[in-house]
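Visitor: My questions all concern the structure below.
2 protein chains.
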Amino acid sequence: MARLPVYLQLLSEQFEAGITNISSEELATLGGVNAAKVRKDLSYLGSYGTRGVGYDVEFLVFQIKRELGLTHEWHVVIVGAGNLGQALSGYGGFGERGFPVGGIVDVAEDKIGSVIGGVRVRHIDELAQIVQSRDIAIGVIATPGPAAQDAADALVAAGVTSVLNFAPAIVNTPHGISVRKVDLAVELQILSYHEQRRANARQATKLQAVPGPRGRGASA
Amino acid sequence: MARLPVYLQLLSEQFEAGITNISSEELATLGGVNAAKVRKDLSYLGSYGTRGVGYDVEFLVFQIKRELGLTHEWHVVIVGAGNLGQALSGYGGFGERGFPVGGIVDVAEDKIGSVIGGVRVRHIDELAQIVQSRDIAIGVIATPGPAAQDAADALVAAGVTSVLNFAPAIVNTPHGISVRKVDLAVELQILSYHEQRRANARQATKLQAVPGPRGRGASA
DNA sequence: CCCTGTGAACCCATTCACAGCT
DNA sequence: AGCTGTGAATGGGTTCACAGGG
Chain A
0 MARLPVYLQL LSEQFEAGIT NISSEELATL GGVNAAKVRK DLSYLGSYGT RGVGYDVEFL
60 VFQIKRELGL THEWHVVIVG AGNLGQALSG YGGFGERGFP VGGIVDVAED KIGSVIGGVR
120 VRHIDELAQI VQSRDIAIGV IATPGPAAQD AADALVAAGV TSVLNFAPAI VNTPHGISVR
180 KVDLAVELQI LSYHEQRRAN ARQATKLQAV PGPRGRGASA
Chain B
0 MARLPVYLQL LSEQFEAGIT NISSEELATL GGVNAAKVRK DLSYLGSYGT RGVGYDVEFL
60 VFQIKRELGL THEWHVVIVG AGNLGQALSG YGGFGERGFP VGGIVDVAED KIGSVIGGVR
120 VRHIDELAQI VQSRDIAIGV IATPGPAAQD AADALVAAGV TSVLNFAPAI VNTPHGISVR
180 KVDLAVELQI LSYHEQRRAN ARQATKLQAV PGPRGRGASA
């Protein structure tokens, strides 16, 4: 379930704050969702709650981590050492959350050898060797859109079975490979859409308040 | 609709490639979705298709851009000039896709004044002035988790009405503010979950093939 | 004849509501 | 009494299937 990571984060925060027990109601409020949904989601892990009391925060954190496979670190390999690849590698957030960068590769000779976030950029031909030596299962595509499919193919050929795609392109992979896509521009476009609607609404209100003498049906 | 940006991207690529007309079937294949869904989504824009023929690619691109409010650029302001903020600012992708970085702010004195991606880091107290001078509607939160709520409050106070939150925290905003959350760690955790399931499946297969004599119910 | 546009059927996630344990 | 766990009801999004226009 895609909400488990969210619960994990909330529960971890509560645990840090010294909370040892939590009800579905409280957790739902923190996450801005329905309490019944929380209970359904958590019941999927097993019956780990205590009726009349709630859930043990620490135990729940452990169970979610186990379910998500977060009992050990997962090294990732980044394909593409351009702006985005450098950004992701330099951003320490991956390692902090249990996903250290185990390698970065690129096709461009001039990028190879430079060190970003403590990791040296290597040639994409070395991808299989990097993946196998560090037992890497997750690859990150940080190439321009047109190169994304090649990057995905290279990752799959190297033995990676999960792909996080930041490139603005849809990649095709064989069955059995997990792909997730994060497109920063798409997120902004969705916000732009909301802004656009707000702007239209303001305009409509204005037109309604002061109907122009030559209004061509704009108020309809 | 959250799929319009995807169609826009696909259609733009097709247009670049010289395709002038496209059927819902073709577009559906490119996007990996159902053709009926494509038609429903596009019909929401109006009846812009031609029966028996398909859709005019260029016209459709224009209509989607209009609907998404992409007829002009939207400047964004980034809060947080740490690793992630620098990464996002240095990454040229925002500007390329119509969302140039109009400012970066931080609370830390030592970050202020440095230039990232051509933009100078300024103090968060100047946020309102930056937002108003450039008429910025979209703010990006790139702070550590605990500072995210403060960043959101500052953005809203400054007049921003849409927020893209990269911090690992849920932020509360007044009604009427659009918020989207992108958590890179969550994406990786979801992939980790898939990897975990694959690992479990492999283990189960192995146990089934060669049942251990002292198996403690693992094969159930 | 081909493909769009759309009512109707379907499906699955969400929510409700309450039985049951502590 | 309080809160979990879950069958039943709800609702929204997806898919089907076909009428209708080019």
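Line by line, the protein sequences are chains A and B. Sequential numbering of the first sequence, starting at 0, is according to numbering that gives the first Met the number 0. Sequential numbering of the second sequence, starting at 0, is according to numbering that gives the first Met the number 0. For every residue, glycine included, the Cβ atom is placed at its ideal position computed from N, Cα and C.
(1) Would you give the residue range spanned by the alpha helix (DSSP H) that S113/B belongs to?
(2) Using a C-beta cutoff of 8 Å, does K205/A count as contacting chain B?
(3) Just to confirm my understanding: we take S11/A, look at its own chain, exclude 5 residues before and 5 after, and list those with CB closer than 7 Å. What are they?
(4) If we cut at 8 Å on Cβ distances, does L187/A have a partner in chain B?
(5) Comparing C-alpha positions only, which one of P145/A, N164/A and R133/A sits nearest to A157/A?
(6) Can Y54/A and G48/A be called in contact, C-beta distance under 8 Å?
(7) Counting only C-beta atoms, is I140/B closer than 8 Å to chain A at any point?
(8) Would you say the segment 105-119 of chain A touches the segment 181-199 of chain A, given that touching needs at least three Cβ pairs under 8 Å?
(9) Would you mind reading off the limits of the beta strand (DSSP E) that contains S161/B?
(10) Closest to Q131/B by CA distance: which of V76/B, Q62/B and L206/B is it?
(11) Answer yes or no: does any C-beta atom of chain B fall closer than 8 Å to that of T28/A?
(12) Please name the residue in A34/A, R65/A and N33/A whose C-alpha comes closest to that of N199/B.
(13) In chain order, what are the residue ranges of uninterrupted alpha helix (DSSP H) at least 4 long that sit wholly in the segment 20-95 of chain A?
(14) With a threshold of 8 Å between beta carbons, is L163/B in contact with chain A?
(15) Considering Cα atoms alone, identify which of A151/A, L163/A and H71/A is closest to L87/A.
(16) For my contact list, G31/B and I169/A are in at a C-beta cut-off of 8 Å; report their separation, rounded to the angstrom.
(17) Would you mind reading off the limits of the beta strand (DSSP E) that contains D182/B?
(18) For a contact meaning CB atoms closer than 7 Å, what does A1/B contact in chain A?
(19) Using CA atoms only, rank isn't needed, just tell me which of E24/A, F58/A, K36/A and T28/A is closest to F14/A.
(20) I'd like the list of long-range same chain contacts for N33/B, defined as Cβ closer than 7 Å, with 5 residues on each side in sequence excluded.
(21) Which partner residues does G17/A have in the DSSP bridge list?
(22) Taking CB distances under 8 Å as the criterion, tell me whether Y54/A reaches chain B.
(23) Just how far apart, CA to CA, sit A127/A and V78/A?
Guide: In short, the structure shows the following:
(1) Position 114 of the second sequence, counted from the first residue, corresponds to residue 113/B. No alpha helix (DSSP H) holds S113/B; DSSP gives it neither H nor E.
(2) The residue labelled residue 205/A in the question sits at position 206 within the first sequence. Chain B contact via Cβ: absent.
(3) On the first sequence, residue 11/A is found 12 positions in, with the first residue counted as 1. Only V60 meet the Cβ criterion.
(4) Taking the first sequence and counting its residues from 1, the one referred to as residue 187/A is at position 188. Interface residue, yes.
(5) Walking along the first sequence from the start, residue 157/A turns up at place 158. Nearest option by C-alpha distance: R133/A.
(6) As a working note, residue 54/A is residue 55 in the first sequence. As a working note, residue 48/A is residue 49 in the first sequence. In contact: Y54/A and G48/A (Cβ atoms closer than 8 Å).
(7) Translated into positions along the second sequence, residue 140/B becomes position 141. It does not: the Cβ of I140/B has no partner Cβ on chain A nearer than 8 Å.
(8) no
(9) For the purposes of this step, residue 161/B is taken as the residue at position 162 of the second sequence. First-last of the beta strand (DSSP E) with S161/B: S161 to N164.
(10) Taking the second sequence and counting its residues from 1, the one referred to as residue 131/B is at position 132. Q131/B has its Cα closest to that of V76/B, out of V76/B, Q62/B and L206/B.
(11) Taking the first residue of the first sequence as position 1, residue 28/A is located at position 29. Not an interface residue.
(12) Within the second sequence, the letter at position 200 stands for residue 199/B. Among A34/A, R65/A and N33/A, the Cα nearest to that of N199/B belongs to R65/A.
(13) 23-30, 34-42, 56-67, 82-89 and 92-95
(14) The residue labelled residue 163/B in the question sits at position 164 within the second sequence. Yes, its Cβ sits closer than 8 Å to a Cβ of chain A.
(15) Translated into positions along the first sequence, residue 87/A becomes position 88. Answer by Cα proximity: L163/A.
(16) Numbered from its first residue, the second sequence carries residue 31/B at position 32. Numbered from its first residue, the first sequence carries residue 169/A at position 170. Sure, about 6 Å apart at Cβ, within 8 Å.
(17) To locate residue 182/B, count along the second sequence from 1; it is residue 183. Counting along the chain, D182/B falls outside any beta strand (DSSP E), and DSSP gives it neither H nor E.
(18) The residue you call residue 1/B lines up with position 2 of the second sequence. Going along chain A in sequence order, the residues near A1/B (Cβ under 7 Å) are I189.
(19) Here residue 14/A corresponds to residue number 15 of the first sequence, with the count starting at 1. The candidate whose alpha carbon is nearest that of F14/A is F58/A.
(20) For the purposes of this step, residue 33/B is taken as the residue at position 34 of the second sequence. Once the five neighbours on either side are set aside, the close Cβ partners of N33/B are A27.
(21) For this step, residue 17/A is matched to residue 18 along the first sequence. G17/A is not bridged to any residue.
(22) On the first sequence, position 55 is the one that residue 54/A refers to. No - not a single Cβ of chain B is within 8 Å of the one on Y54/A.
(23) Indexing the first sequence from 1 puts residue 127/A at position 128. Indexing the first sequence from 1 puts residue 78/A at position 79. Each residue's alpha carbon lies about 12 Å from the other.
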